[in-house]
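Structure, as structure tokens:
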């Protein structure tokens, strides 16, 4: 979640300062929508994390369920935010001149190491006894 929040902040700042056709690119509807979706996903991730902090630590089953929900949600939208950052930054987003590609690589590495959203949802289904 923290990485996604940082990427959103970097993207919004870039959209405010990068000028194209005589105005900041943040004035263009497509960029506005992309940045607002990034904000929505980051805030939803934050809400999921904060909700998980309300679970009683003594209830290990509920704690495990909630952690899988958070992991599945963040694993689904963190790559989206990283890819959207590259799109907002345009051509510079995937070059060595900007850090955006490093965050995307880190998100993809995390998917390999810790499982993607589908793997998390499958674990949650097993925990809830929903598998056939």
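Numbering (this note's numbering), first residue to last: 208 to 339.
Just so it is clear, CB atoms sit at the ideal spot from N, CA and C, and this is done for glycine as well.
Range covered by the alpha helix (DSSP H) that runs through residue i
i: residue 299; result: No alpha helix (DSSP H) contains residue 299, which DSSP labels as neither H nor E.
i: residue 217; result: 209-224
i: residue 232; result: Per DSSP, residue 232 belongs to no alpha helix (DSSP H) and is neither H nor E.
i: residue 317; result: 307-321
Where residue i falls, given that 16 or more other Cβ within 10 Å makes a residue buried
i: residue 223; result: exposed
i: residue 302; result: exposed
i: residue 218; result: buried
i: residue 264; result: exposed
i: residue 273; result: buried
i: residue 229; result: exposed
i: residue 233; result: buried
i: residue 319; result: exposed
i: residue 321; result: exposed
Per-residue DSSP class, three states only, for residue i
i: residue 264; result: coil
i: residue 325; result: helix
i: residue 338; result: coil
i: residue 290; result: helix
i: residue 250; result: helix
i: residue 272; result: helix
i: residue 244; result: helix
i: residue 257; result: helix
Integer-rounded CB distance, given that residue j should sit under 8 angstroms from residue i
i: residue 239; j: residue 286; result: The Cβ separation is near 22 angstroms, so there is no contact.
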